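Here it is in structure tokens:
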């Protein structure tokens with residue numbers, strides 16, 4: 020599946036609003052979706068190990084790992100242990116979280132260069148390639164720093180304005 024559009028397939032969060040626009044690139048052979056997965060979704064209605072995404076030469080496959088609230092694929096509940104192959108634009112629900120699958124396939128002629136939320140794809144800066152960075156951004160501000168992650172790299176402070184005394 021990798022290489023048909025110049026990059027790996029990815030998921031884009033559509034719901035809830037605080038995750039909307041967050042993306043996760045699918046770069047490994049297997050990804051676990053859940054509260055403790057490598058694609059970490061925090062809502063309590065998402066199981067610790069909710070679902071698995073497997074990348075193969077024949078596409079990306081989604082399996083429910085026996086989650087409490089199930090997995091919806093385009094509105095249909097998956098049977099645990101019966102994987103389905105994903106297609107461009109598929110909607111996936113893990114509890115209250117909705118993600119959209121993007122295969123990175125070339126766009127059809129005349130297709131608008133927009134993200135699922137209407138942003139101009141050329142100027143979209145929401146792509147996250149480091150899952151740790153995604154978690155830091157998502158949790159920072161609401162819950163403070165995530166204790167499971169190393170601190171972000173240090174940032175240099177902007178230069179301070181020089182102080183001048185009046186009349187000097």
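In our numbering, the protein residues as written are 20 to 187. For glycine and all other residues, C-beta sits at the position ideal for the given N, C-alpha and C. Keep in mind it's a predicted model, so treat the numbers as computed, not measured.
First and last residue of the beta strand (DSSP E) that includes residue i?
{"i": "residue 69", "result": "Neither: residue 69 is in no beta strand (DSSP E) and is coded neither H nor E."}
{"i": "residue 101", "result": "No beta strand (DSSP E) holds residue 101; DSSP gives it neither H nor E."}
{"i": "residue 83", "result": "78-83"}
{"i": "residue 33", "result": "29-34"}
{"i": "residue 118", "result": "116-121"}
In this structure, does DSSP put residue i in helix, strand or coil?
{"i": "residue 44", "result": "strand"}
{"i": "residue 54", "result": "coil"}
{"i": "residue 39", "result": "coil"}
{"i": "residue 89", "result": "coil"}
{"i": "residue 145", "result": "The predicted model places residue 145 with a pLDDT of 45, which falls under 50 and marks its position as unreliable; any figure quoted below should be read in that light. Coil, per DSSP."}
{"i": "residue 111", "result": "strand"}
{"i": "residue 94", "result": "coil"}
{"i": "residue 106", "result": "coil"}
{"i": "residue 63", "result": "coil"}
{"i": "residue 160", "result": "Any reading at residue 160 needs caution, since the residue's pLDDT is 47, under 50, leaving its predicted position unreliable; the model's value is listed next. Residue 160 falls in the coil class under three-state DSSP."}
{"i": "residue 26", "result": "coil"}
{"i": "residue 135", "result": "At residue 135, the pLDDT of 42 sits below 50, so the modelled position is not reliable; the number obtained from the coordinates is stated separately. Coil, per DSSP."}
Under 8 Å between the Cβ atoms of residue i and residue j?
{"i": "residue 66", "j": "residue 95", "result": "no"}
{"i": "residue 116", "j": "residue 30", "result": "no"}
{"i": "residue 60", "j": "residue 68", "result": "no"}
{"i": "residue 120", "j": "residue 28", "result": "yes"}
Residue i and residue j look like a contact to me (Cβ under 8 Å); what is the Cβ gap, rounded to whole Å?
{"i": "residue 75", "j": "residue 83", "result": "Going by Cβ atoms, the distance from residue 75 to residue 83 rounds to 18 Å, so no, they are not a contact pair."}
{"i": "residue 79", "j": "residue 105", "result": "5 Å"}
{"i": "residue 72", "j": "residue 103", "result": "Not a contact, Cβ separation roughly 11 Å."}
{"i": "residue 45", "j": "residue 81", "result": "Incorrect: roughly 11 Å between the Cβ atoms, too far for contact."}
{"i": "residue 40", "j": "residue 48", "result": "No, residue 40 and residue 48 are not in contact; Cβ-Cβ is about 26 Å, not under 8 Å."}
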